[in-house]
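S.K.:
Protein chains: 6
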Amino acid sequence: MTPSTADSPTVVRADGRAPDQLRPISITRGWSKQAEGSALIEFGNTRVLCTASFTEGVPRWLKGEGRGWVTAEYAMLPRATNTRSDRESVKGRIGGRTHEISRLIGRSLRSIIDTQALGENTIVLDCDVLQADGGTRTAAITGAFVALAEAIRWAKEKGLVERGADPLVDTVSAVSVGIIDGVPMLDLPYVEDVRAETDMNVVVTGSGKFVEVQGTAEGAPFDRDELDSLLDLALLGTAQLADIQRETLAEALR
Amino acid sequence: MTPSTADSPTVVRADGRAPDQLRPISITRGWSKQAEGSALIEFGNTRVLCTASFTEGVPRWLKGEGRGWVTAEYAMLPRATNTRSDRESVKGRIGGRTHEISRLIGRSLRSIIDTQALGENTIVLDCDVLQADGGTRTAAITGAFVALAEAIRWAKEKGLVERGADPLVDTVSAVSVGIIDGVPMLDLPYVEDVRAETDMNVVVTGSGKFVEVQGTAEGAPFDRDELDSLLDLALLGTAQLADIQRETLAEALR
Amino acid sequence: MTPSTADSPTVVRADGRAPDQLRPISITRGWSKQAEGSALIEFGNTRVLCTASFTEGVPRWLKGEGRGWVTAEYAMLPRATNTRSDRESVKGRIGGRTHEISRLIGRSLRSIIDTQALGENTIVLDCDVLQADGGTRTAAITGAFVALAEAIRWAKEKGLVERGADPLVDTVSAVSVGIIDGVPMLDLPYVEDVRAETDMNVVVTGSGKFVEVQGTAEGAPFDRDELDSLLDLALLGTAQLADIQRETLAEALR
Amino acid sequence: MTPSTADSPTVVRADGRAPDQLRPISITRGWSKQAEGSALIEFGNTRVLCTASFTEGVPRWLKGEGRGWVTAEYAMLPRATNTRSDRESVKGRIGGRTHEISRLIGRSLRSIIDTQALGENTIVLDCDVLQADGGTRTAAITGAFVALAEAIRWAKEKGLVERGADPLVDTVSAVSVGIIDGVPMLDLPYVEDVRAETDMNVVVTGSGKFVEVQGTAEGAPFDRDELDSLLDLALLGTAQLADIQRETLAEALR
Amino acid sequence: MTPSTADSPTVVRADGRAPDQLRPISITRGWSKQAEGSALIEFGNTRVLCTASFTEGVPRWLKGEGRGWVTAEYAMLPRATNTRSDRESVKGRIGGRTHEISRLIGRSLRSIIDTQALGENTIVLDCDVLQADGGTRTAAITGAFVALAEAIRWAKEKGLVERGADPLVDTVSAVSVGIIDGVPMLDLPYVEDVRAETDMNVVVTGSGKFVEVQGTAEGAPFDRDELDSLLDLALLGTAQLADIQRETLAEALR
Amino acid sequence: MTPSTADSPTVVRADGRAPDQLRPISITRGWSKQAEGSALIEFGNTRVLCTASFTEGVPRWLKGEGRGWVTAEYAMLPRATNTRSDRESVKGRIGGRTHEISRLIGRSLRSIIDTQALGENTIVLDCDVLQADGGTRTAAITGAFVALAEAIRWAKEKGLVERGADPLVDTVSAVSVGIIDGVPMLDLPYVEDVRAETDMNVVVTGSGKFVEVQGTAEGAPFDRDELDSLLDLALLGTAQLADIQRETLAEALR
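Protein chains in written order, with numbering that gives the first Met the number 0: chain P, 0 to 253; chain G, 0 to 253; chain X, 0 to 253; chain W, 0 to 253; chain L, 0 to 253; chain Y, 0 to 253.
(1) Using a Cβ-Cβ cut-off of less than 7 Å, give me the residues of the region 192-215 of chain Y that come near chain W, in sequence order.
(2) Which bits of chain G does X:F221 rub up against, with CB to CB less than 8 Å?
(3) Once DSSP output is grouped into helix, strand and coil, what is the label at L:S3?
(4) Nearest chain X C-beta to W:Q115 closer than 7 Å, yes or no?
(5) Quick one: grab the DSSP three-state call for Y:E191.
(6) Starting from Y:G118 and walking both ways along the alpha helix (DSSP H), at which residues does that stretch end?
(7) Report buried or exposed for Y:P58, applying the criterion of at least 16 other Cβ atoms within 10 angstroms of its Cβ.
(8) Find the residues of chain G that neighbour P:A34, judging by a C-beta separation of less than 7 Å, and give them in chain order.
(9) Mind checking if L:S175 is an interface residue toward chain Y, Cβ cutoff 7 Å exclusive?
(10) So is P:E99 in contact with chain L if we call contact Cβ pairs under 7 Å?
(11) Cβ closer than 8 Å: which chain Y residues qualify as neighbours of L:A74?
(12) Among the residues of its own chain, which have a CB less than 7 Å from the CB of X:T1, if the five just before and after it don't count?
(13) At which residues does the beta strand (DSSP E) containing G:E55 begin and terminate?
(14) For G:A139, which of helix, strand or coil comes out of DSSP?
(15) When we look at the beta-carbon of Y:P23 and count the other beta-carbons within 10 Å, is it buried (16 or more) or exposed?
(16) Taking only beta-carbon positions, decide if L:N44 is within less than 7 Å of chain Y.
(17) Decide if G:K286 is buried, meaning its Cβ has at least 16 other Cβ atoms within 10 Å, or exposed.
(18) Contact criterion: CB-CB distance below 7 Å. Does G:T247 meet it with respect to chain P?
(19) Is the region 67-76 of chain G close to the region 167-185 of chain G, with three or more CB pairs under 8 Å?
(20) Suppose you measure from the CA of W:L167 to the CA of G:T197; what does that come to, to the nearest Å?
(21) Just to confirm, is the Cβ distance from Y:I122 to Y:A150 under 7 Å?
(22) Less than 7 Å between CB atoms is the rule here; does P:T70 satisfy it with respect to chain G?
(23) Using a cut-off of 9 Å between C-beta atoms, extract the partners of X:S172 located in chain G.
(24) Taking the runs of the alpha helix (DSSP H) that are 4 residues or longer, which of them lie wholly in the region 222-251 of chain W?
(25) Compile a chain-ordered list of the residues in the region 121-139 of chain G whose CB is closer than 9 Å to at least one CB of chain P.
(26) Given that G:R92 touches chain P, what residues does it touch there, using C-beta distances under 8 Å?
(27) Kindly say whether X:R162, judged by its beta-carbon, lies nearer than 7 Å to any beta-carbon of chain W.
(28) Which one or two residues does DSSP pair with G:T204 in a beta bridge?
(29) Within this structure, are the beta carbons of X:V202 and X:V193 separated by less than 7 Å?
(30) Do the region 126-144 of chain X and the region 94-104 of chain X make contact, defined as three or more Cβ pairs closer than 8 Å?
(31) Helix or strand or just coil, what does DSSP make of P:T215?
(32) Measuring only between beta-carbons, confirm whether W:R83 sits less than 7 Å from chain X.
(33) Please state the DSSP three-state secondary structure of P:G95.
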């Protein structure tokens with residue numbers, strides 16, 4: 000039991016969850032037949048298709064260094080949300096939010112990759128939000144990890160990565176946390192996200208270390224205690240996500 | 000029995016189908032919780048998510064004419080195919096093929112819409128290919144019709160379209176046909192599509208009339224007899240697709 | 000005499016033509032002094048400048064295969080039409096219609112080219128509509144063939160293509176046909192094009208085989224009989240265009 | 000006789016002209032049936048199609064001031080020149096040279112327009128180079144003036160500009176001059192243009208006043224005497240062009 | 000004295016600073032004569048020009064709500080850095096990093112603005128990096144606050160914001176912190192930034208509350224203790240920056 | 000004393016200058032620590048930061064010719080002017096004016112460069128207007144020359160350009176001149192620039208020869224006498240600018 004829930008024992012959320020409870024999480028491995036690794040991940044009604052594309056060779060700026068490269072692209076289908084948005088391909092340019100999240104996913108995955116062990120290979124993670132209900136970036140990171148792990152297993156089987164090498168140093172998952180009406184809460188759906196005074200996305204490794212901490216005061220600035228409560232909740236949630244990832248990949252990581 | 004199969008009784012395709020047989024077809028209505036209408040359609044391994052977004056009002060050039068507007072956008076996820084393609088949003092522009100297919104879908108759907116009965120409302124169909132194995136544009140048209148019908152039913156229930164009005168004049172579906180090693184075949188998967196001498200996409204209404212006939216000699220130009228055999232096959236296939244659509248929508252069209 | 004004219008013996012069109020009659024056709028070879036091949040083609044008031052640019056070498060993806068490449072780009076001057084359109088260069092992107100027609104012209108010309116005989120050379124056809132009055136894509140294909148033939152003759156004379164080789168397998172031309180007030184008609188000018196219930200562009204080789212059949216129901220879907228009448232008319236018109244091309248190129252193809 | 004020719008009496012140019020002689024000039028009024036005014040102008044082998052599009056109303060920033068607007072767009076067909084250039088529409092942006100020339104043409108034409116007399120109307124001049132052999136911008140200005148005059152005559156006849164009003168204050172034409180091997184020369188074709196040490200484009204009204212003087216030292220910087228010789232030549236050439244414009248428009252300006 | 004320095008008493012940085020020491024900070028108010036508010040801010044060799052542009056009215060989506068809008072754009076001159084980068088205007092699009100930082104600056108400033116008190120007015124902060132040596136985004140936020148305060152003072156004097164109203168709720172500043180060779184350090188110049196295992200940008204109000212916490216594990220993921228040390232340092236640094244801001248604005252905030 | 004001032008002895012300008020007087024000129028060498036050469040130049044309130052980036056090698060089209068390349072890019076900060084302009088990077092394309100001025104600066108600098116002596120090296124001049132008050136392009140040329148000279152001196156010291164070689168053939172500077180209320184005036188600030196009937200930018204070498212003469216009749220076309228007066232003034236002003244450049248660079252050119 001986290002300090003935050005101790006402070007607000009009677010809070011029940013619109014969807015019936017306790018403040019420190021994740022939404023129902025589902026990960027379907029191998030949803031795509033075309034990609035080297037793939038996962039359809041659901042955090043409640045948020046649904047993200049993550050594919051991992053493995054190619055031999057690295058971008059020009061990395062050639063000859065004996066190291067691999069992992070990067071990511073995030074996007075949303077135009078009608079993933081409640082009202083339709085114009086396609087970025089039609090607008091002719093990628094928005095700031097899309098860029099920001101793509102970069103976040105890439106950094107998060109690279110944090111648990113041993114690029115030396117990967118060899119001169121590139122893995123691109125595509126995270127396409129098919130349905131959005133808050134927490135799309137954290138679902139994307141969590142699902143992309145599974146697709147990535149699958150692609151690496153595939154590459155080992157094909158002999159494209161040395162069998163002895165272990166490019167995956169750890170697992171990584173992410174969750175959103177926020178303060179609503181003064182109560183710290185875990186894994187915000189859209190209706191909570193828009194009401195949150197403070198909103199934080201936290202990326203954590205399977206061993207419980209921080210990869211990214213991105214906290215934003217949407218309403219009032221927050222103090223040190225609130226920050227600490229949110230970090231507690233995030234560690235709680237990512238630990239559960241790491242368990243689900245491990246179960247999903249049971250064979251893959253053996 | 001079509002003339003084409005009569006001419007080649009012993010042909011068996013790589014996937015075990017007869018020349019005049021469709022792949023397994025599956026349509027899942029309401030796959031998206033956000034859109035006014037939606038369908039996930041599968042032609043074998045080809046998988047397209049079609050959503051219909053209904054909005055009141057019409058584009059500026061149509062205002063005040065008492066008529067509605069239906070349009071479509073087609074796109075492919077970067078890893079829908081066997082090798083990854085760059086995103087059109089990243090390239091900053093939409094390719095010719097994408098444009099061409101979006102326009103085809105839009106025209107096909109408008110052919111069975113009574114825009115007067117729709118009133119001054121707009122429906123945008125988004126057809127996003129999640130997995131591609133040939134025939135994505137024909138699957139998109141066939142699935143988009145279902146999403147469109149759902150959105151219109153929704154609009155009637157909401158009173159946004161008059162209950163008495165019937166904007167849907169007919170159903171519409173599409174299928175690809177082609178000549179491979181001299182044999183006309185129905186509903187080509189990718190491996191057949193690349194080998195076809197002639198490739199034709201045919202859009203047909205539920206009452207068996209042509210909306211679009213787009214035949215292309217990829218290899219040798221074709222003669223009138225070959226054209227006739229392909230049209231026969233296309234009518235056969237679209238009639239079956241129309242049945243599946245009707246079953247799927249049973250309640251909706253009542 | 001085609002079935003269509005038999006059915007409607009008394010129809011006279013706004014410009015005085017019979018339903019199965021082409022507009023006055025004019026092809027001026029060598030209109031441009033700069034290009035390796037060129038033709039200014041006129042279908043009535045439609046006027047398209049076609050130039051062929053021959054360069055040694057092929058695009059990267061074709062290198063070392065011993066085959067050549069033929070491609071095309073179509074565009075319209077901003078005031079080719081009755082009201083001025085914005086330039087695509089100013090808008091910063093090419094519209095779907097432009098893309099679609101460029102691709103159609105390229106495919107049509109490649110259908111009568113033996114790329115092996117062409118050797119590792121590239122020919123780019125630019126078709127710029129100087130004045131538009133319906134049928135610009137069919138005039139472009141018909142004129143581009145002449146420019147292409149000229150460029151190949153030029154290349155043979157320069158020794159860039161082997162004298163013995165014959166990259167031109169056949170001729171190719173195109174014409175539009177459509178149904179207006181129930182009557183199938185050949186070679187539609189703009190005023191007829193906007194009124195047509197069904198509109199079809201047909202590309203045919205000199206030997207009478209189909210390269211492309213692109214039929215669209217602009218108004219009501221069309222049945223098999225109507226389709227057949229339109230194909231008859233298209234074969235009639237393209238046979239006449241092939242004759243005009245042959246006369247124009249008399250020396251070139253000897 | 001200009002000082003420059005006096006200094007070099009024996010110079011004969013590659014095309015047989017004297018240093019102070021224009022190339023053969025031809026202006027065909029009404030080349031386009033679609034535009035309100037048009038002219039196909041030729042300076043030797045340079046061939047530019049100029050169309051004037053008249054529309055009622057003005058850009059937003061000029062509304063309600065009782066004045067009209069005249070602007071211009073210049074472009075080159077991809078194979079107007081000796082080697083093919085990529086289309087600016089394909090590259091997705093307009094090059095600096097194109098921008099620069101469009102602005103120059105617009106300023107030149109506005110210099111002889113009484114925008115008050117034009118009323119709240121807009122005229123867009125499109126100058127498309129069909130064939131290029133040096134001096135395309137000066138041919139464009141000279142031809143665009145004719146198209147502009149035609150469009151204004153058309154507008155008066157339609158009653159869109161008051162019959163008593165005279166939006167055309169003067170005529171305007173332009174010519175290039177340059178110093179080659181120390182000799183000032185008039186109206187440079189491409190082969191001379193690339194060799195010129197100094198290159199100057201001069202825009203002059205029918206009454207002999209300067210609108211634009213754009214001199215550039217491509218090779219060695221030039222001194223005051225050279226500048227004076229070039230200006231003399233330019234005045235000589237533009238006076239002849241003004242005569243040709245006046246003859247062409249004889250009826251129009253009456 | 001922070002825990003971090005206690006842990007590493009003998010660490011001296013390349014530029015001679017102690018781990019918990021800021022670089023020399025300089026803020027020049029009113030550097031631009033054109034803007035309503037401006038500041039040239041220097042964090043060591045990092046030099047950012049911040050201008051505030053005040054305009055009456057708000058973006059369309061905010062009209063009629065009685066609230067104002069504050070937004071920001073960040074950019075770098077091409078040769079602000081040690082090697083020249085291509086201009087984003089030449090590349091035709093804004094990079095992900097630029098987008099991300101612009102959004103961060105905007106959110107940071109909005110956190111201390113009472114938009115009601117601002118009235119229906121818009122202030123755009125432009126932060127252009129003239130010279131870059133690490134910490135450009137934190138310098139930009141700190142300097143932009145000063146430009147913003149100036150613009151608000153200007154608006155009050157002009158009567159565009161009510162004299163009694165106080166749109167500035169607090170001050171805001173930002174600083175970077177990071178762990179290098181295991182030692183937490185404050186305000187990283189470029190040479191330290193590239194070596195940091197963990198890098199964090201922290202935005203804090205004058206009253207010591209967090210607005211943004213953006214921590215990234217560039218190398219190894221970090222634990223809770225490291226995170227705490229970094230937050231301590233950031234609070235120390237931003238408190239000093241707030242003092243400098245207050246002195247700079249002494250008259251303005253009176 | 001120039002003819003122009005003789006004609007109008009009593010004219011005093013808004014800022015107290017005589018018609019033939021420059022604004023206060025200031026050049027700060029080495030304003031940027033990052034670039035190989037730099038200068039912050041001020042013509043009154045116009046303030047331009049010029050940096051020179053030296054790189055070994057040349058663009059592809061110049062490779063192997065033993066010659067170097069000098070080019071320039073001009074831009075304005077969004078709030079350099081009295082009202083804010085949108086960034087060209089945000090608009091996604093560079094405007095015509097920006098292109099035009101960048102090209103002018105590049106040509107001006109190349110006119111005094113011996114590219115053979117420069118060797119296969121490239122120097123890019125970035126001229127960013129930090130504050131604009133008329134004459135930004137002429138200030139940019141004048142300041143860019145100083146940055147260029149600095150970069151060449153740097154390259155000689157580094158041995159990247161042969162010590163004996165002298166890539167700088169001459170100095171170059173530029174000034175604007177114009178006719179206001181019939182009086183020719185030197186070095187126009189913004190308030191004069193918008194009122195000028197004729198506006199001319201003149202680029203002159205240290206030895207008094209013309210590199211560029213760009214005169215535009217903004218209002219009424221101008222005659223030969225007016226042109227001569229403006230050229231006199233421009234020679235007067237650029238001679239003074241050349242002196243200031245020489246003093247600034249005293250050591251560099253030794």
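Even glycine gets a Cβ: it sits at the ideal position worked out from N, Cα and C. Note that the structure is predicted; figures quoted are calculated from it, not measured.
M.R.: This is what the structure holds:
(1) T204, K208, F209, V210, E211, V212, Q213, G214, T215
(2) K208, F209
(3) Annotation note: pLDDT 44 at L:S3 (below 50); position unreliable, coordinate value reported separately. Helix at L:S3.
(4) no
(5) helix
(6) Here Y:G118 belongs to no alpha helix (DSSP H), and DSSP marks it neither H nor E.
(7) exposed
(8) R78
(9) Chain Y contact via Cβ: absent.
(10) yes
(11) R86, S88
(12) Any reading at X:T1 is ruled out, since the residue's pLDDT is 40, under 50, leaving its predicted position unreliable.
(13) Per DSSP, G:E55 belongs to the beta strand (DSSP E) from 45-55.
(14) helix
(15) exposed
(16) Chain Y, which has a Cβ nearer than 7 Å to the Cβ of L:N44, makes this yes.
(17) As shown, chain G starts at 0 and ends at 253. That puts residue 286 of chain G outside it, with no answer to give.
(18) So, not an interface residue.
(19) The region 67-76 of chain G, when compared against the region 167-185 of chain G, does not touch it at the 8 Å Cβ threshold.
(20) Taking the straight line joining both Cα atoms gives about 60 Å.
(21) yes
(22) no
(23) None at all; the shortest Cβ gap to chain G is about 12 Å.
(24) 223-247
(25) Within the region 121-139 of chain G, V123, D125, D127, L129, Q130, A131, D132 place their CB atoms closer than 9 Å to a CB of chain P, listed in sequence order.
(26) S88, G91
(27) So no, X:R162 is outside the interface.
(28) G:V171
(29) no
(30) yes
(31) strand
(32) True, the Cβ-Cβ gap to chain X drops below 7 Å.
(33) helix
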